[in-house]
Structures are given as C-alpha cells and as structure tokens.
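Only one structure is covered here, and it is reproduced in the block below.
2 protein chains.
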Amino acid sequence: MQRKKEEKRKTILDAAEKLIAEDGFRDMTMDQVAKDADVAKGTVYLYFKNKNSLCAAVNARINKELNQVIKEKMDLYQTGLEKVVASGTATVEFCLKNMQKWKAITELYQMKFKDPEDPNVKEFLYEVNNMVQMMANGYRQGIKEGTIREDLDPVPTAIFNRMAFSNAITPTTEQNMLLKMNNINMQHYAGVAGELIGRSTRKDLLNAEDMKKNIKKTYENLEKDL
Amino acid sequence: MQRKKEEKRKTILDAAEKLIAEDGFRDMTMDQVAKDADVAKGTVYLYFKNKNSLCAAVNARINKELNQVIKEKMDLYQTGLEKVVASGTATVEFCLKNMQKWKAITELYQMKFKDPEDPNVKEFLYEVNNMVQMMANGYRQGIKEGTIREDLDPVPTAIFNRMAFSNAITPTTEQNMLLKMNNINMQHYAGVAGELIGRSTRKDLLNAEDMKKNIKKTYENLEKDL
DNA sequence: AGTCATTAATGACTTTTGGTCATATATAAT
DNA sequence: ATTATATATGACCAAAAGTCATTAATGACT
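Structural data, given as structure tokens:
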C-alpha cells in the first residue's frame, strides 16, 4: 500500500516535471498534470497541498539528484580548486544528460516559494543549501591550499556563484533577447560568463579554460532544442 | 484630448507599478489596477493589450528613468573605469531614492515577455539594451586605458554583469532563504557579490572598495522595509 | 466469506481572474 | 442641432486553482 502511494506520487511528479520543462510552471495546469498522471484532479491535491507545493517537490527531487551527481564528481578529486571545477563540470554534465530536468529547474528558478512551513519547500531548501555547503567547502579548502582568493567568504560566494553559474548555462528570457539583439550566441555568452565567474574566485588567473570549456560544451547540445 | 489620454495612461501605469512593487506581478490583478486608477476594467484594456503588455510598459518606464540617472552620472566622469563604477553608484542611488520603482523592476525581472512584437516589450528591450551598451562602452574605454581586463568581451560582459549587479542588491527569494539559513545579512551578501563582480572585470585588484561600499550602503536603508 | 471501518480516489462545483464586447457616453465636426 | 467618431463602461465568458460530498478500494476482524 505504502509502495503504491509512493509510486503514484512519483507518477504525478513525473507529469508535473515534464509539463514544467515544456511550458514553464506558469502554463502548467493542475488539470493537465492530473490527466497526464492518469488520476483525478482531486487526487493530485491529495498528494500535494497546492500547485506551489507540487512545484517545490519537483524542484526538491531534481536538486537532490543534481547534488548526488555533484558529490560523486567532487569526491573524485583531492584539491579544493579541482573540487570546485568538478562541481561545475558535474552541473554541465547533468544539464546535458537530463535536459528535461535542467529545463525544469531553470524554469522553477523564477518561482517564489512563499510558504516556508511547507515540507516540500523545506526539502527543496535543504537540498539547495546542501549544494551551497559543498561548494563553500571547496572554496575553504582552495583558500587553504592557496589556489582560491583568501579574502573570499565561502558561503555567500557559493550562494552568488551558484546563481551566476546557472545563469551562464541558461540566461533569463530577458538576457536571451539582449543576446539575440546583439548577435551573440549562447555558447559565447556561457564562455564569457564562466570566465568572469572563474576570474572572480580563482587566485591564479591562468588556466581559466576549464570552466569556460565546460559551459561551452553544454551549449552545442542545448541550442538544438531552442 | 491627447493630453488627457497621456495622463490616463500614466495613472494606470502608476497604479500597476505600485501593485507590482507591493505584491509582485503575479498577485497584481487587472481589477485592482482598474480600481486604483479609477477607471473601468475595460478601459485598462483600451490602453494596454493585456497584463503582460502593461507590465512591460511599467518595466520600460522605470528602466528609462534608470538609464537617465545612469547616463547623467556616467557623464560626470572621464575614464572608463570611473564610468563603470559610476553606473553602479547611480543604480544604487536610484534604488535608494525610488524604492517602489526598484522593487517593481526586480519583481519584473522574473517575468517572461513572450511577445516580441508588442510595442511595450520592444520599448522595454530598447531601454535595457541601451543600458547594456552604456556599460559596454565603459568597458571598452577602460580596456583601452588599461584599467579593465583586455580579454573581456564588452557586450556579453555587460549583459552578465547587469544581472549580477542587480542580484547583488536584490537576491532572489531562494537566495534570501539561503542567506537566512546561514545567518548572512543582505548587506554582507551585497558586499561579497559586488566584490566578486569587480574582481572579475577590473585589471588592478586594488581599490575594490568603491563598488563594495556602494552596494553596502544600499542595504542599510533597504533592510528596514523587509 | 462477510461485515465494517478506514483510507484513497473521484469529478462536479465554487471562486478567482484575465480578457471580451455590446452598449453607453463624451467629444468634435458639420 | 445632428451626426460621426472616439472613449469608457461593466456585465459577461472562459480558464484554471482549489474544495468537498460522494463513491470505491483496502484490510482487519469475526
């Protein structure tokens, strides 16, 4: 019984994730989620308090997966700088391998999760904070090892860079329009942005190529979709 | 007659701007806009095609004002780096003097303007692009003068930094929650983020204090509101 | 197997809100 | 004064979030 419930929850999440990736959470309707998940609308509300909570749950699930991938990749390396770069590489890889999921979290990036009591919102925040802490630890280690600027405060830097990195891979619609107006393709933007992020944190200014290349690689695949 | 139409349009824009600043564009209802502007709902739709277009018009108007302020400030200085710093200072000043307008554009930052044919969307993009070009020119000049990194591509850098700077002053709700979880206040975040932005573009790493201070100053006032 | 209690599922219904349109009013032209 | 045009209105419609009385399924206990 518990098993079946778990599965039905997953089915609903799957349907929601797909719809969010396709049209954004604004255009995702609860009726369509119900239809795609082969349940009645009331059932969706049995599993998720409201649309906001459902979106938070989708967001939590994807970020959990992403964290897993990032953690595994980071664990392959020893130095702080390597780990930080690895977190970027892992994110790009995740984006390439799970386009739907990546599209969904970037769409959800614009969402306001107002209710901090909602367990799904809590779980989502827990996951995001987890990633921030992983990055912050990478910075701390890099600082000790002398490869990352020592005057940098790890946690707020991680909070900022997480956003910045995500933006490098997937600019906002506004930015996309600006890029179009100026005939700049997304790969190039990703490269420039990645470079800026790297420059701001790294101590040695050489070897900026890694991060840049990673993000560029993403775009060769991602642009087909758009 | 033309005069009266112009004024009514302004009244509607004022009402919308206020509501967006208060609750975000999602919670702004066209009924409330009509009520606050003392016109019938149909009249609002006479002046603005739809909600999206109204929001775009609000966004265009504020960005136009902001550009004005930025341009004036930049014109006071000679060197590229000074101009770039001035654009930041002007933005912070604008934010301090026009909290409602600043709140509104940061809320509107999350909006998707889908219809590129809409004249209000066009005007909005025109203004934003204008600002990007001003910043890019500052970078170009700074590169020539040797104060800004020469390997930096001005336009995409401006597109990225405009977003980054705005985020430094006003983090997303998600980031705000993370900051809260980690007991980091917004001033500190603004300082860290401003520093990162400065570091990524400036050639000489000294004198990072300017940009940092500017953003920090913002927060002393802004936090009262929140 | 049959009865009953509890849990899960349903979809018709309500409410909210973006958007429309037939009608009414004001303004300008003749 | 009359007509034509522009402006304004709010009742109405449709879409979508969210509710709830009713029904169906499940499992425990005789």
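Protein chains in written order, with the numbering used here: chain B, 1 to 226; chain A, 1001 to 1226.
Every residue gets a Cβ at the ideal spot worked out from N, C-alpha and C, and that includes glycine.
These figures come from a predicted structure and were not determined experimentally.
My understanding is that PHE1048/A touches MET1111/A, with C-beta atoms under 8 Å, so please give their C-beta distance in whole angstroms. Against the second sequence, residue 1048/A aligns to sequence position 48. Against the second sequence, residue 1111/A aligns to sequence position 111. No, PHE1048/A and MET1111/A are not in contact; Cβ-Cβ is about 14 Å, not under 8 Å.
For LEU1125/A, which of ALA37/B, THR173/B, THR91/B, LYS4/B has the nearest alpha-carbon? Translated into positions along the second sequence, residue 1125/A becomes position 125. With distances taken between CA atoms, LEU1125/A lies nearest to THR173/B out of ALA37/B, THR173/B, THR91/B, LYS4/B.
To the nearest angstrom, report how far apart TYR133/B and ASN1182/A are at their CA atoms. Here residue 133/B is taken as the residue at index 133 of the first sequence, counted from 1. Here residue 1182/A is taken as the residue at index 182 of the second sequence, counted from 1. The residue you asked about is not Tyr; residue 133/B is Gln in the sequence shown. Straight-line Cα distance between these residues: approximately 10 Å.
Starting from ARG1009/A, follow its DSSP beta bridges and name the residues at the other end. The residue you call residue 1009/A lines up with position 9 of the second sequence. ARG1009/A pairs with nothing; no bridge assigned.
For the region 50 to 138 of chain B, which segments carrying the alpha helix (DSSP H) assignment without a break, of at least 4 residues, lie completely within its bounds, in sequence order? Unbroken alpha helix (DSSP H) stretches of 4 residues or longer found wholly inside the region 50 to 138 of chain B: 51 to 75, 80 to 97, 99 to 108, given in chain order.
Per DSSP, ARG1202/A forms a beta bridge with which residues? Taking the second sequence and counting its residues from 1, one reaches residue 1202/A at position 202. Looking at the DSSP output, ARG1202/A sits in a beta bridge with ILE1148/A.
Residue range of the alpha helix (DSSP H) that GLY1024/A falls in? As a position in the second sequence, residue 1024/A is number 24, starting the count at 1. Neither: GLY1024/A is in no alpha helix (DSSP H) and is coded neither H nor E.
Taking the CB atoms as reference points, tell me whether ILE20/B and GLU107/B lie closer together than 7 Å. Within the first sequence, residue 20/B is the residue found at index 20, counting from 1. Within the first sequence, residue 107/B is the residue found at index 107, counting from 1. Yes; because the gap between Cβ atoms is below 7 Å, this pair is in contact.
Spatial distance of TYR109/B from ASN167/B (CA atoms): Taking the first sequence and counting its residues from 1, the one referred to as residue 109/B is at position 109. Taking the first sequence and counting its residues from 1, the one referred to as residue 167/B is at position 167. Pairing TYR109/B with ASN167/B, the inter-Cα distance amounts to about 10 Å.
Please state if the CB of ALA90/B and the CB of GLU105/B are separated by a distance shorter than 7 Å. Here the question's residue 105/B lines up with position 105 in the first sequence. Here the question's residue 90/B lines up with position 90 in the first sequence. The sequence given here places Ile at residue 105/B; Glu does not occur at that position. Taking C-beta atoms as the reference points, ILE105/B and ALA90/B fail to come closer than 7 Å.
Which of the three DSSP states, helix, strand or coil, is assigned to ASP1038/A? The residue given as residue 1038/A occupies position 38 in the second sequence. In the three-state DSSP reduction, ASP1038/A falls in the coil class, being neither helix nor strand.
Quick one: what's got a C-beta closer than 6 Å to MET131/B's C-beta in the same chain, skipping five residues either side? For the purposes of this step, residue 131/B is identified with residue 131 of the first sequence, where counting begins at 1. Result list for MET131/B: ASN67, in chain order.
Look at the alpha carbon of LEU1205/A and the alpha carbon of LYS114/B, and state the distance between them as a whole number of angstroms. Stepping through the second sequence from its first residue, residue 1205/A is reached at position 205. Stepping through the first sequence from its first residue, residue 114/B is reached at position 114. Bear in mind that the predicted position of LEU1205/A carries a pLDDT of just 41, short of 50, making it unreliable; the figure below should be weighed with that in mind. Taking C-alpha positions only, LEU1205/A is separated from LYS114/B by approximately 39 Å.
Can you tell me which of THR1147/A, ASP1023/A, PRO1154/A, ILE1159/A puts its alpha carbon nearest to the alpha carbon of THR1079/A? One-based indexing of the second sequence puts residue 1079/A at position 79. Checking every option, the nearest Cα to that of THR1079/A belongs to THR1147/A.
Going along chain B, which residues have a C-beta under 9 Å from LEU1179/A? In the second sequence, residue 1179/A corresponds to position 179, counting from 1. Correct list: VAL155, PRO156, ILE159.
Who are the Cβ neighbours of ASN1059/A in its own chain at under 7 Å, not counting the five residues just before and after it? Numbered from its first residue, the second sequence carries residue 1059/A at position 59. Closer than 7 Å at Cβ, skipping near neighbours: ILE1105, LEU1108, PHE1124.
Proximity test, Cβ basis, 7 Å: LYS1112/A and chain B: Walking along the second sequence from the start, residue 1112/A turns up at place 112. Yes, contact with chain B.
Proximity below 7 Å, CB of SER1200/A to CB of SER200/B: Looking up residue 1200/A in the second sequence gives position 200. Looking up residue 200/B in the first sequence gives position 200. Yes.
Applying a beta-carbon distance threshold of less than 9 Å, which residues of chain A neighbour LEU96/B? For the purposes of this step, residue 96/B is taken as the residue at position 96 of the first sequence. In chain A, no part has a C-beta under 9 Å from the C-beta of LEU96/B; the shortest such distance is about 22 Å.
According to DSSP, simplified to helix, strand and coil, what is ILE184/B? Residue mapping note: residue 184/B aligns to position 184 of the first sequence, counting from 1. Reduced to three states, the DSSP call for ILE184/B is coil.
Integer-rounded CB distance, given that PRO1116/A should sit under 8 Å from HIS188/B: For the purposes of this step, residue 188/B is taken as the residue at position 188 of the first sequence. For the purposes of this step, residue 1116/A is taken as the residue at position 116 of the second sequence. Contact doesn't hold; Cβ gap of about 21 Å is too wide.
What does the alpha-carbon distance come out to for the pair GLU1150/A and ALA1136/A? The residue labelled residue 1150/A in the question sits at position 150 within the second sequence. The residue labelled residue 1136/A in the question sits at position 136 within the second sequence. Rounded to whole angstroms, GLU1150/A to ALA1136/A spans 13 Å at the Cα level.
Less than 7 Å between the beta carbons of ALA1158/A and ILE1197/A, yes or no? As a working mapping, residue 1158/A is identified with position 158 in the second sequence. As a working mapping, residue 1197/A is identified with position 197 in the second sequence. One thing to note: ALA1158/A has its Cβ no nearer than 7 Å to the Cβ of ILE1197/A.
Establish whether the CB of ALA1056/A and some CB of chain B are separated by less than 7 Å. Sequence index remark: in the second sequence, residue 1056/A carries index 56 (1-based). By this cut-off, ALA1056/A is not an interface position.
Please determine, among GLU1022/A, ARG1009/A, ALA1193/A, the residue with the shortest C-alpha to C-alpha distance to GLN1100/A. The sequence position of residue 1100/A within the second sequence is 100, counting from 1. Nearest to GLN1100/A by alpha-carbon distance, out of GLU1022/A, ARG1009/A, ALA1193/A, is GLU1022/A.
Nearest chain A C-beta to GLN231/B closer than 7 Å, yes or no? Because chain B here runs from 1 to 226, residue 231/B falls outside it and cannot be looked at.
Assigned secondary structure, ASP1153/A (DSSP; H/G/I helix, E/B strand, else coil): Translated into the one-based positions of the second sequence, residue 1153/A becomes position 153. Secondary structure of ASP1153/A (DSSP, three-state): coil.
Indicate whether at least one CB of chain A lies closer than 7 Å to the CB of ARG140/B. The residue given as residue 140/B occupies position 140 in the first sequence. No, no contact with chain A.
So, at 7 Å on beta carbons, what are the nonlocal neighbours of LEU1076/A in its own chain, with the 5 sequence-adjacent residues on each side left out? The residue given as residue 1076/A occupies position 76 in the second sequence. ALA1086.
Interface residues of the region 13 to 33 of chain B facing chain A [CB-CB below 9 Å]: For the region 13 to 33 of chain B, which is checked against every Cβ of chain A, the residues closer than 9 Å are GLY24, ARG26.
So which residues of chain A does VAL132/B contact, with C-beta pairs closer than 7 Å? Within the first sequence, numbered from 1, the residue matching residue 132/B stands at position 132. Residues of chain A passing the Cβ test: LEU1178.
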